[in-house]
Amino acid sequence: MHFDLPMDLYEKRKRENVFETEFFPEFEAGNINLVGVAIYIEDRYLKEASLRVALDQIARLYAETNVCRQLAICRSQREIQKAREQGKIALLITMEGAEPLGTDLDLLRIFYELGIRSIGLTHARSNAAGHGGIFASTGSSPQGLAEFGRNLVRECEALGVIIDLAHINPAGFNDILSIMTRPPIVSHTNVRRYYDIERNINDDQIKMIGERRGVIGVNSVLVSPKAEQSTLEHYVDHIEHIANLIGVDGVAIGFDFFEFIYRQWPESAKKELAEKFTTPHFIPDLRNHSHSRNLTRKLIERGFNDEDIEKILRKNWLRIFEQWL
Ligand SMILES: [Zn+2]
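Residue 1129 in the numbering used here sits at position 308 of the sequence shown, with consecutive numbering throughout.
Structure (C-alpha cells):
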C-alpha cells in the first residue's frame, strides 16, 4: 500500500510507457496485483507548485494506464475486483501529505473525483493539516492536528477516502483516532521496538489500530537503524510483533520500495536525506516488487500457515477496501 511511482513518472514525464518498460517486469515476477501509488510533493516544489505537480503526477498515472493495458486505476471495491479478475495490476491512488490541498477543503472533492482513495495527512514535515513524526525517538511537535486537519479527517470519512496514519506525529495520531469512526490504516511503517523513531509506531499505537480493526502495512526500509540487521528475517520480526499484539488480521504489506529513486539521486541529495531523516537500509533480498516471493517463502519458513499468509499478503487490505470503497 505504498509505492512512490507518481513522483518518478513525473520526473520522467517526457518519456512514454515508463511503467511497462521499467516496472512491469518486477511486478509480474512478484505477482503483484494491487499497489497504492502515492502522490508526493518534494520540497523543491513547495508551496506554489504543489497543486500543479500533484495534478501532473495524476495525469502521468492516467497516461501510463492508457498505454500499458496491464494497469487499471481503481476507485471502488468493484473496480478492484474487476481488475483482479482480468489479471490486471490495480492502482489505488493515494496522497502522502496534504500539501496539494493547501487549506482548501473543496479541493479534496476534486482529488476524489480524480481517483484519490487514501490520504496520509503529513509526511515528516508540517503542513496546514498537522505535523509529521520525526526520525528521532523524541522531539516531534507536541501539537496535534490543526483545524484544517480535523476537518479533512471528517471530510475523508464522509467521502470514502481511507485515512492513513503513516508519518503523523504521536499527538496527531491520537487526534485522528479521536475523530475517526471507520477502521484506520498505517500504510507503511515499522515498529518502534526495533527502530525507535517517532516516524514509526509503538506498541500502544499498534493496539489502538487493532482495537478499531485497522491494518498496518510493514515498511521494508526502516526495519533497523543498522545495515547488518536490515534483513528479510528482521522484516518478518516486525510482522510477527504486530501479529502478536493485535492478531494476524491487523498486519499487511507496505513495502515502500524506493531504491530505484535513491539510486538516481546525486550524492548531495543522499547526504541531505541522511542529515534530515536517516540513511535508508535496503534489504538485499527484498529491494523491489520482484522479490515478493522471497517474503512468502520466509513466512512459510517462520511457521505462518496458509490462511495467515493470505491475510498478510492480500486479504487484510481487501477487507479495508470493502469497508471503505
Ligand atoms: Zn513515506
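Ideal Cβ placement from N, Cα and C applies to all residues, glycine included.
Keep in mind it's a predicted model, so treat the numbers as computed, not measured.
Limits of the unbroken beta strand (DSSP E) element including M916 = I910 to E917
inquiry  = For V1069, report the span of its alpha helix (DSSP H) as first-last.
reply    = Careful: V1069 lies outside any alpha helix (DSSP H) and carries neither H nor E.
key: Assigned secondary structure, I1130 (DSSP; H/G/I helix, E/B strand, else coil)   = In the structure shown, I1130 adopts helical secondary structure according to DSSP, grouped into three states.
ask   = When DSSP labels each residue in this structure, what does R905 get in the three-state scheme?
value = helix
request  = From the DSSP output, in three-state form, read off D985 for me.
outcome  = strand
message = Looking at ligand 1, does it come within less than 8 Å of H1009, judged from the CB to the closest heavy atom?
response = yes
task = Check whether the Cβ atoms of T1010 and G1031 sit closer than 9 Å, and answer yes or no.
result = no
query = Per DSSP, what kind of secondary structure is F1078 in: helix, strand or coil?
reply = coil
inquiry  = By DSSP's criteria, A859 is part of a beta bridge. Which residues make up the other side?
reply    = T915
request  = Starting from the C-beta of K1119, find all residues in its chain whose C-beta is less than 6 Å away, skip the five residues before and the five after it, and write them out in chain order.
outcome  = Excluding positions up to five away in sequence, the list reads L1053 and V1057.
query = Do you know how far the Cα of G993 is from the Cα of R1002?
reply = This sequence places Thr at residue 1002; Arg is not what is there. Answer to the nearest angstrom: the Cα atoms are 16 Å apart.
task = Would you identify the three-state DSSP class for A893, choosing helix, strand or coil?
result = strand
ask   = In three-state DSSP terms, what is G1031?
value = In the structure shown, G1031 sits in a helix (DSSP, three-state: H, G or I).
task = Return the chain-ordered list of same chain residues with a C-beta closer than 7 Å to the C-beta of N1023, the five sequence neighbours on each side being excluded.
result = Excluding sequence neighbours, N1023 sits near R1013.
key: Cut-off 7 Å between Cβ atoms - residues of its own chain near E976, not counting five sequence neighbours on either side   = L926 and L929
key: heavy atom of ligand 1 below 8 Å from H952 C-beta   = no
Collapsed DSSP secondary structure at I940 in the structure displayed = strand
task = Rounded to whole angstroms, what's the CA-CA distance from V775 to S1051? Just pull it up for me.
result = One cannot answer for residue 775 here, as it falls past the ends of the chain, which runs 822 to 1146.
9 Å Cβ cutoff met for L882 and L922 = no
ask   = Taking C-beta to C-beta, are L988 and T924 nearer than 9 Å?
value = According to the sequence as given, residue 988 is His; it is not Leu. No, these two residues do not count as a Cβ contact at 9 Å.
task = For P827, count neighbouring Cβ atoms within 10 angstroms of its own Cβ and tell me buried if that reaches 16, exposed if not.
result = So P827 ends up on the buried side.
Inter-residue CB distance, V982 and I997 (contact presumed, cutoff 8 Å) = In this structure V982 does not touch I997 by the C-beta definition: roughly 13 Å separates them, more than the 8 Å allowed.
For F969 and A945, believed in contact at Cβ under 8 Å, the rounded distance = About 19 Å; that fails the 8 Å criterion.
message = Under 8 Å: does the beta carbon of A875 sit that close to some heavy atom of ligand 1?
response = no
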